[in-house]
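Chemist: Anchor point for the sequence shown: position 2 equals 372 in my numbering, and the numbering is continuous, going up by one each time.
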Amino acid sequence: MRKKIVVGNWKMNKTVAEASELASAILGHLGNGTFLCEIGIAPAFPALTEVGKVIGSSDIRLAAQNCHYEDDGAYTGEVSVRMLESLGCAYVIIGHSERRQYFGETNQTVNLRVRKALAEGMQVIMCVGETLEEREGGITDKIVTEQVREGLKDVGDLGGIVLAYEPVWAIGTGKTATPEQAEEVHASIRATISDMFGEQAAGNLRIQYGGSVKPSNAVELFAMPNIDGGLIGGASLKAEDFVAIVKAAG
Ligand code: PEP
């Protein structure tokens, strides 16, 4: 039985004070309840330290939104995995479509980052997903399979990996993939993983769905057999909505 995982990707939103406030509000809405799913939040880099203090030893895990693949050096504006570890990050999101779209991330650079994060013992959420043009061109499966194969090239063990299927046309657009559309791609990703790493690894791998997940559609998405939680953008910026989505995951 795979443990579902719900992670809030706050993107480039919230000052340090606002981020701390949001983290406190999420803790407040979670209350003392016990949850069967794993919960994470990914504030922007400047807020990691303070948000880490707010969530303390609660059940919420701290995640970063990106990392570089070198330990240190002349890479202005970049952040290494060891730096993130020193701030208490348990997860790092790699290959988000906004990184691919606006910052030149490729399957090859995703792979470098994934392997570096894993080598440092950090858990990875690796994002894949097709654009609207690719979906309409009937090449969703080809694109997503390539992203999975190339992103995980030379990765020996999937223990530290979570995948996030995020159709680009559904991110921040209010258009959600139907549970059936999402399930079809999740099942295909799992088949690719089985081919690459074996059936057992594929059965254990968690694959989140991301793309306009809201409290109103989370239950039916998370009920699909191959959907193991969500990567949540817009709705994670409202404590009440994020916690409602967490609750939908059990
Ligand atoms: C995301 O950016 O990972 C995401 C899924 O965004 P949204 O929920 O806003 O579509």
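Positions of the beta carbon are idealized from the N, C-alpha and C atoms, including for glycine.
#1: Counting only the same chain and skipping the five closest in sequence on each side, list residues whose C-beta sits under 6 Å from that of Arg560.
#2: Taking the runs of the alpha helix (DSSP H) that are 4 residues or longer, which of them lie wholly in the stretch 576-606?
#3: Is the distance from the Cβ of Ile425 to the Cβ of Leu397 below 8 Å?
#4: Does any heavy atom of the ligand PEP sit closer than 7 Å to the C-beta of Asn574?
#5: Among residues of its own chain, excluding the 5 on either side of Ser467, which ones have a beta-carbon nearer than 7 Å to its beta-carbon?
#6: My assumption, with CB atoms under 8 Å, is that Val449 sits in contact with Phe473. Please give the rounded CB distance.
#7: Starting from the Cα of Gly581, find the closest Cα among Leu607, Met594, Leu575, Ala534 and give me that residue.
#8: For Val613, verify whether its CB is less than 7 Å away from any heavy atom of the ligand PEP.
#9: Might you give, ordered along the chain, the residues of its own chain that have their beta carbon closer than 8 Å to the beta carbon of Ala609, omitting 5 neighbours on each side?
#10: What number of angstroms, rounded off, separates the C-alpha of Ile514 from the C-alpha of Thr479?
#11: Report the three-state DSSP secondary structure of Gly422 (helix, strand or coil).
#12: So for Pro445, helix, strand or coil by DSSP?
#13: Contact criterion: CB-CB distance below 8 Å. Does Asp441 meet it with respect to chain D?
#14: What's the C-alpha gap between Gly491 and Trp380?
#15: Can you give the Cα-Cα distance for Leu482 and Ile495, rounded to whole angstroms?
#16: Could you tell me which residues DSSP puts in a beta bridge with Val498?
#17: Considering only heavy atoms of the ligand PEP, does any lie closer than 7 Å to the CB of Ala605?
#18: Compute every distance between the C-beta of Glu500 and the non-hydrogen atoms of the ligand PEP, then say whether any falls below 7 Å.
#19: What number of angstroms, rounded off, separates the C-alpha of Gly465 from the C-alpha of Ala487?
Modeler: Reading off the structure:
#1: Position 190 of the sequence shown, counted from the first residue, corresponds to residue 560. In chain order, Ala572, Asn596 place their CB closer than 6 Å to the CB of Arg560, counting only its own chain and leaving out the 5 sequence neighbours on each side.
#2: Entirely contained in the stretch 576-606, the alpha helix (DSSP H) runs reaching 4 residues are, in chain order, 585-592.
#3: In the sequence shown, residue 425 corresponds to position 55, counting from 1. In the sequence shown, residue 397 corresponds to position 27, counting from 1. For Ile425 and Leu397, yes; Cβs fall inside 8 Å.
#4: If you number the sequence shown from 1, residue 574 lands on position 204. Every heavy atom of the ligand PEP is 7 Å or more from the Cβ of Asn574, so no.
#5: As a working mapping, residue 467 is identified with position 97 in the sequence shown. Answer for Ser467: Cys497, Gly499, Glu536, Val538, Ile541, listed in chain order.
#6: Here residue 449 corresponds to residue number 79 of the sequence shown, with the count starting at 1. Here residue 473 corresponds to residue number 103 of the sequence shown, with the count starting at 1. Rounded, the Cβ-Cβ distance is 13 Å, inconsistent with contact.
#7: Here residue 581 refers to the residue found at position 211 of the sequence shown. Of the listed residues, the one whose Cα sits closest to Gly581 is Ala534.
#8: Reading the sequence shown from its first residue, position 243 is the one you call residue 613. Not one heavy atom of the ligand PEP falls within 7 Å of the beta-carbon of Val613.
#9: Position 239 of the sequence shown holds residue 609. Listed in chain order, the non-local C-beta contacts of Ala609 below 8 Å within the same chain comprise Leu392, Ala395, Ile396, Gly398, His399, local neighbours out to five positions each way being set aside.
#10: The count along the sequence shown starts at 1 and reaches residue 514 at position 144. The count along the sequence shown starts at 1 and reaches residue 479 at position 109. Looking at the sequence shown, residue 514 is not Ile but Val. When the Cα atoms are used, Val514 and Thr479 turn out to be separated by approximately 16 Å.
#11: As a working note, residue 422 is residue 52 in the sequence shown. Helix at Gly422.
#12: In the sequence shown, the residue the question calls residue 445 occupies position 75. The sequence shown places Tyr at residue 445, not Pro. Residue state, collapsed to three classes: coil.
#13: Protein chain content of the structure displayed is limited to a single chain, and chain D is not contained in it.
#14: Your numbering for residue 491 matches position 121 in the sequence shown. Your numbering for residue 380 matches position 10 in the sequence shown. In this structure, the CA atom of Gly491 is about 23 Å from the CA atom of Trp380.
#15: As a position in the sequence shown, residue 482 is number 112, starting the count at 1. As a position in the sequence shown, residue 495 is number 125, starting the count at 1. Each residue's CA atom was taken as its position, placing Leu482 and Ile495 some 14 Å apart.
#16: Against the sequence shown, residue 498 aligns to sequence position 128. For Val498, the pairing in a beta bridge is given by DSSP as Tyr535.
#17: Within the sequence shown, numbered from 1, the residue matching residue 605 stands at position 235. True, at least one ligand heavy atom lies under 7 Å from that Cβ.
#18: Working through the sequence shown from its first residue, we reach residue 500 at position 130. Incorrect: Glu500 has no Cβ contact closer than 7 Å to the ligand PEP.
#19: Within the sequence shown, the letter at position 95 stands for residue 465. Within the sequence shown, the letter at position 117 stands for residue 487. Straight-line spacing of the CA atoms in Gly465 and Ala487 works out to 12 Å.
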